[in-house]
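One structure is given below, encoded as structure tokens.
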Amino acid sequence: MLYPQLTKTRSLYDLNGVWNFKLGDHNPHEKLSSETVMVVPTSFNDVSVDKDVRNYIGDFWYERGVDIPKVGTDEELVLRFGSVTHRAKVYVNGEFLGEHEGGFTPFEIIVPENYYQEQTLKISVCANNELNYTTLPVGNYFEEVQEDGSIKKVVKENFDFFNYAGIHRPVKLVVRPKTHISDIVIVPSLSEDLQSAEVSVTVATSAAVDEVRVTILDEERNVVVTAENGRAVIENVHLWEVLDAYLYTAQVELYKGGELVDTYSEPFGVRSVRVADGQFFVNEKPVYFKGFGKHEDTFINGRGLNEAANLMDLNLLKEMGANSFRTSHYPYSEEMMRLADRMGVLVIDEVPAVGLFQGFAVTLGVDTGGRSTFENMKTKEAHEQVIDELLARDKNHACVVMWVVANEPASHEEGAREYFEPLINQFREKDLQNRPVTIVNIGTAGLNDLTTDLIDVICINRYYGWYENHSDLTRAEIGLRKELLEWQHKFPNKPLMVTEYGADTFAGFHSMWDIPYTETYQCDYYAMNHKVFDEIENFVGEHVWNFADFETNVAIIRIKGNHKGLFTRNREPKAVVREIQKRWRSIPHYYNKKRK
Ligand code: GCB
850 MLYPQLTKTR SLYDLNGVWN FKLGDHNPHE KLSSETVMVV PTSFNDVSVD KDVRNYIGDF
910 WYERGVDIPK VGTDEELVLR FGSVTHRAKV YVNGEFLGEH EGGFTPFEII VPENYYQEQT
970 LKISVCANNE LNYTTLPVGN YFEEVQEDGS IKKVVKENFD FFNYAGIHRP VKLVVRPKTH
1030 ISDIVIVPSL SEDLQSAEVS VTVATSAAVD EVRVTILDEE RNVVVTAENG RAVIENVHLW
1090 EVLDAYLYTA QVELYKGGEL VDTYSEPFGV RSVRVADGQF FVNEKPVYFK GFGKHEDTFI
1150 NGRGLNEAAN LMDLNLLKEM GANSFRTSHY PYSEEMMRLA DRMGVLVIDE VPAVGLFQGF
1210 AVTLGVDTGG RSTFENMKTK EAHEQVIDEL LARDKNHACV VMWVVANEPA SHEEGAREYF
1270 EPLINQFREK DLQNRPVTIV NIGTAGLNDL TTDLIDVICI NRYYGWYENH SDLTRAEIGL
1330 RKELLEWQHK FPNKPLMVTE YGADTFAGFH SMWDIPYTET YQCDYYAMNH KVFDEIENFV
1390 GEHVWNFADF ETNVAIIRIK GNHKGLFTRN REPKAVVREI QKRWRSIPHY YNKKRK
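Each residue of the sequence shown is one higher than the one before, counting from 850 in the numbering used here.
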């Protein structure tokens, strides 16, 4: 799906700002009172400053009016949502126009022609934040009977982050030609000597046209080459490199009867990605991933788009000598993906498949009827949808170098292979850039994982010295070394990386001893892990957990959130930042451990 863009043939109007807001029921034929309002985009939870609102589960409504811009007879009006978490029904002037399931991908609603002559549009969105065993992420859903007999909906997250909800990303009103560019697929193929690239640009249109013209522009917007039959060769190609990005633009124009009917400019980078011989190659050079598992999580905004925080995070990432992050545990905003493209940051792109584990810590106490994960959870349909929608949205991004099918599923349980094999294949068949595919492994599954031979890179989340061997780094070191060597021995040709390792830490706590939660312990914990990582040949990367402290649901082991951040939630560095900065600055981005 194309990102909304202002061009010669398309107008764009911003619908962000203050909307009327209400929890519960509303008849969209009536006007929603302006007594309670909500800002778009943001999570509603923290901004409301009310405990019951913060924890509310169910339907909630947003409504606003907008004057209709001029829409020509050959044009159409589209409402475009960056994301509504976790589902949305959209009404215009009281009439239902369309809906979308899934909280992390964009969708469009076409406003029918009979509205174009009206003065104003009343846009009502019925959002809903319920999660259950058919949704991604997976939630444990209950209905609690209150003392007064009323029913309260409750979702207990089957994952470790707060279930923030709302209109999380920008809302736009788009006027575009009825005959328009509906999709652009860009696939660059580098020559063996990396000097030139053949770029295939496939354009989908909403209706037949006489001519599709594709021109490749450089960063100064000079014409590099014009494509013939959707193919263009770029000589002396300027590669997109790690932290040294270069973006070309594919300028697409549609012509009908000699007239320009639509135009759109898609930025793209030229780089290759390949996995072989226990290494991860970008532009045929072995890369070493240094970086973070992250969250979209900031004070006030919750999971709502915060572009300043995104830029600050990537600046901090660069400052530390890092080069990459994982979109744990859901697709991040389109704005973040574009920023990563621009800044040359590698992204491991994850669908919101988290919580596919019946025995996950927070499920304890939940009656699962004795059934295993893959008997109990019915997420197949949602999973296929999120993969298709992530591919549709992110396929052209140079920054995306690997897809994640799921984070920490019960990949050792019966049924895991049957469940995951078709989903892995879905990525393989539909991604024309053939990026590697992975499933992030949980310690409980370990080497009993039934899917490892199907994936390209072994990605494991490990907490030796935290959940295992808590406060005993000597034993933790032995356990970690043993396990990493086992993986390498069992899968000698697969690259191995640790996608999470970390220790909860309170800024300001120090200790003379190995006392968990202190900054001292966090430093020692990371030093131990790094010592072991450096011994493993096929080891291609380290993503600390987490970039910053983040909000979770309440739990005995969560003290106002998860504190494994290298930075506090407010982006203040903990002591370990300097240590890891020294290490990462000394490891080149392109680094072949085998031939070091
Ligand atoms: C994990 C999960 C992550 C948690 C983290 C933790 O393995 O993937 O979502 O936040 O552990 O801190 O427990």
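All C-beta atoms, glycine included, are put in the ideal place defined by N, C-alpha and C.
The alpha helix (DSSP H) spanning residue 1433 covers which residue range?
1425-1435
For the ligand GCB, I want to know if residue 1307 counts as a neighbour, meaning its beta carbon is within less than 8 Å of at least one of the ligand's heavy atoms.
Checking the Cβ of residue 1307 against the ligand GCB gives no.
Applying the criterion that 16 or more other CB atoms from any shown protein chain within 10 Å of the CB defines a buried residue, is residue 1089 buried or exposed?
buried
Using three-state DSSP, classify residue 1096 as helix, strand or coil.
Reduced to three states, the DSSP call for residue 1096 is coil.
Going by DSSP, what residue range makes up the beta strand (DSSP E) through residue 959?
956-960
Three-state secondary structure (DSSP) of residue 1067
Note: residue 1067 maps to coil in three-state DSSP.
Less than 8 Å separating the Cβ of residue 1008 from some heavy atom of the ligand GCB?
yes
With a Cβ-Cβ cutoff of 9 Å, do residue 977 and residue 935 count as a contact?
yes
Cα-Cα separation between residue 1176 and residue 1106, rounded to whole angstroms
45 Å
Assign residue 984 to one of three DSSP states: helix, strand, or coil.
coil
When you compare only the Cα positions, how much space is there between residue 1144 and residue 1396?
8 Å
Closest by CA to residue 933, which one among 913, 889 and 965?
889
Is the segment 1246-1253 close to the segment 1191-1200, with three or more CB pairs under 8 Å?
yes
Report yes if the C-beta of residue 1178 is less than 8 Å from at least one heavy atom of the ligand GCB; otherwise report no.
yes
Just to confirm the assignment: which complete beta strand (DSSP E) runs, minimum length 3, are found wholly within the segment 1280-1339?
1286-1290 and 1307-1310
Output the residue ranges of the alpha helix (DSSP H) runs that lie fully inside the segment 883-908 and measure 4 residues or longer, sorted by chain position.
893-896 and 900-903
Can you check the segment 1167-1233 for any beta strand (DSSP E) of at least 3 residues that lies completely inside it and give the ranges in chain order?
1173-1175 and 1195-1199
Candidates 1174, 921 and 1288: closest to residue 858 by CA position
Among 1174, 921 and 1288, the Cα nearest to that of residue 858 is on 921.
To the nearest angstrom, how far is it from the Cα of residue 957 to the Cα of residue 1312?
Taking the straight line from one Cα to the other gives about 41 Å.
Let's see if you can read the secondary structure: which residues bound the alpha helix (DSSP H) around residue 1358?
Careful: residue 1358 lies outside any alpha helix (DSSP H) and carries neither H nor E.
Can you tell me whether residue 969 is buried or exposed, with buried defined as 16 or more other CB within 10 angstroms of its CB?
exposed
CB-CB under 8 Å to residue 1290, same chain, minus the five flanking residues each way: which ones, in chain order?
1257, 1260, 1298, 1301, 1307, 1308, 1309 and 1310
Bridge partners of residue 1446, per DSSP?
Residue 1446 lies beyond the stretch modelled for the chain, which goes from 850 to 1445, so this question has no answer here.
Where does the unbroken alpha helix (DSSP H) through residue 1255 begin, and where does it stop?
No alpha helix (DSSP H) holds residue 1255; the beta strand (DSSP E) holding it covers 1249-1256.
Should the segment 1014-1032 be called in touch with the segment 1048-1063, which here means at least 3 C-beta pairs below 8 Å?
When C-beta atoms of the segment 1014-1032 are compared with those of the segment 1048-1063, three or more pairs fall below 8 Å, so the two segments count as touching.
I need the straight-line Cα distance from residue 1121 to residue 1086, nearest angstrom please.
12 Å
Which first and last residues belong to the alpha helix (DSSP H) in which residue 1379 is found?
1368-1382
Spell out a yes or no on whether the segment 1333-1348 and the segment 1382-1392 are touching, meaning 3 or more CB-CB pairs, one atom from each, closer than 8 Å.
yes
Per DSSP, the bridge partner or partners of residue 1140:
1173 and 1392
Given this structure, state the Cα-to-Cα distance separating residue 1013 from residue 892, to the nearest angstrom.
6 Å
Relative to the alpha-carbon of residue 1077, which residue among 1068, 1064, 1084 and 877 has its alpha-carbon at the smallest distance?
1064
Hey, out of 885, 1401, 863 and 878, whose CA is closest to residue 1151's CA?
1401
According to DSSP, simplified to helix, strand and coil, what is residue 965?
coil
Report the three-state DSSP secondary structure of residue 851 (helix, strand or coil).
coil
Could you pull the start and end residues of the beta strand (DSSP E) that residue 1153 belongs to?
For residue 1153, no beta strand (DSSP E) segment is defined, and its DSSP state is neither H nor E.
With a cut-off of 8 Å, do at least 3 Cβ pairs link the segment 871-880 to the segment 979-992?
no
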